[in-house]
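Participant:
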Amino acid sequence: MIRVLIARNSGYFGVEVRVLLSAQTDVEIVGTLPFDSALASAAEPMAPDVIVVDTELMVGQVLPVAAEVRARIPSCAVLVLCDPAKPGMLPPRRRGRQVSFLLKEASPAYLADSIRRLAAGERIVHPRLQMASLATQRDLSTRELEVLALAAEGDSVSDIARRLSLSGGTVRNYLSAVITKTGARNRIDAIRIVRRDGWLH
Numbered sequence: 006m007i008r009v010l011i012a013r014n015s016g017y018f019g020v021e022v023r024v025l026l027s028a029q030t031d032v033e034i035v036g037t038l039p040f041d042s043a044l045a046s047a048a049e050p051m052a053p054d055v056i057v058v059d060t061e062l063m064v065g066q067v068l069p070v071a072a073e074v075r076a077r078i079p080s081c082a083v084l085v086l087c088d089p090a091k092p093g094m095l096p097p098r099r100r101g102r103q104v105s106f107l108l109k110e111a112s113p114a115y116l117a118d119s120i121r122r123l124a125a126g127e128r129i130v131h132p133r134l135q136m137a138s139l140a141t142q143r144d145l146s147t148r149e150l151e152v153l154a155l156a157a158e159g160d161s162v163s164d165i166a167r168r169l170s171l172s173g174g175t176v177r178n179y180l181s182a183v184i185t186k187t188g189a190r191n192r193i194d195a196i197r198i199v200r201r202d203g204w205l206h
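Residue numbers (the working numbering): 6 to 206.
#1: Counting along the chain, where does the beta strand (DSSP E) carrying Arg13 start and finish?
#2: Within the same chain, show all residues whose beta-carbon is closer than 6 angstroms to that of Ala71, passing over the 5 residues directly before and after it, in chain order.
#3: Look at the Cβ atom of Leu153, then the Cβ atom of Arg168, and state whether they are nearer than 8 angstroms.
#4: Spell out a yes or no on whether the region 110-118 and the region 62-82 are touching, meaning 3 or more CB-CB pairs, one atom from each, closer than 8 angstroms.
#5: Using only alpha-carbon positions, find the residue among Arg177, Arg13, Pro39 that is nearest to Thr60.
#6: Pull up the DSSP beta-bridge partners for Val22, would you.
#7: Check the DSSP bridge columns for Gly159 and list the partner residues they point to.
#8: Could you tell me which residues DSSP puts in a beta bridge with Ile34?
#9: Are Ile7 and Val24 close, meaning C-beta to C-beta below 8 angstroms?
#10: Closer than 8 angstroms is the cut-off here; do at least three beta carbon pairs connect the region 88-98 with the region 136-146?
#11: Of the residues Asp160, Val130, Ala125, Val57, which one's Cα is nearest the Cα of Pro89?
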């Protein structure tokens with residue numbers, strides 16, 4: 006039996022993953038948790054084999070939490086459901102190699118098969134998402150988006166450094182780079198610009 010945990014951010018009501026997987030006799034839904042910074046600690050006692058992230062957050066907001074899950078539960082695979090029409094939801098080109106990405110519109114059979122493959126140790130990136138990612142113009146790197154996403158949540162430089170295993174100086178450098186690249190006046194302005202352009206939710 007494959008133990009699946011669903012993670013969703015509050016206020017988002019997409020197609021219910023639980024319903025899509027209800028007919029699979031080898032899949033057990035062990036619960037649904039909010040997708041937030043407490044996900045890793047909340048998920049650990051539930052011992053999931055796969056966590057399906059069903060959210061409208063952008064990949065730069067998902068990866069730090071996914072990394073914390075992988076660090077706390079190394080045997081657990083993370084599957085992110087993505088909308089290929091939103092550039093900010095597309096898989097990163099260089100980072101996020103421990104995370105799998107699937108279309109939000111995947112059929113129940115495709116989703117179930119993907120979960121089985123993840124539980125067997127494979128990694129999945131849907132070809133349509135991969136091609137869309139390669140074709141998308143990106144001014145900011147995935148790491149810069151991760152840092153800015155945590156700053157947008159209100160994390161301090163030291164908090165961001167701890168969560169991403171970086172030094173405080175490196176975090177400040179990333180934030181300065183974002184401000185320069187976006188032409189923003191400051192960090193708050195950079196967050197506004199990046200949200201406007203669809204790279205943060």
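Cβ coordinates follow ideal geometry from the N, Cα and C atoms, glycine included.
Facilitator: According to the structure shown:
#1: What you label residue 13 is simply residue 8 of the sequence shown in a count that begins at 1. Per DSSP, Arg13 belongs to the beta strand (DSSP E) from 7-13.
#2: To locate residue 71, count along the sequence shown from 1; it is residue 66. Taking C-beta separations shorter than 6 angstroms and ignoring five residues to either side along the sequence, the partners of Ala71 in its chain run Val83, Val104, following chain order.
#3: If you number the sequence shown from 1, residue 153 lands on position 148. If you number the sequence shown from 1, residue 168 lands on position 163. No, these two residues do not count as a Cβ contact at 8 angstroms.
#4: The region 110-118 vs the region 62-82: no contact.
#5: Start at 1 with the first residue of the sequence shown, and residue 60 comes out as number 55. Selection Arg177, Arg13, Pro39 evaluated against Thr60 yields Arg13 as nearest (Cα-Cα).
#6: Start at 1 with the first residue of the sequence shown, and residue 22 comes out as number 17. BP columns for Val22 are empty, so no partner.
#7: Translated into positions along the sequence shown, residue 159 becomes position 154. For Gly159, which the question treats as bridged, DSSP gives no partner whatsoever.
#8: As a first step, residue 34 is located in the sequence shown; it is residue number 29 there, counting from the start. According to DSSP, which records beta bridges pairwise, Ile34 is partnered with Val9.
#9: Residue numbering aside, residue 7 sits at position 2 when the sequence shown is read from its first letter. Residue numbering aside, residue 24 sits at position 19 when the sequence shown is read from its first letter. No.
#10: Yes, they touch.
#11: On the sequence shown, residue 89 is found 84 positions in, with the first residue counted as 1. That would be Val130, whose Cα lies nearest to the Cα of Pro89.
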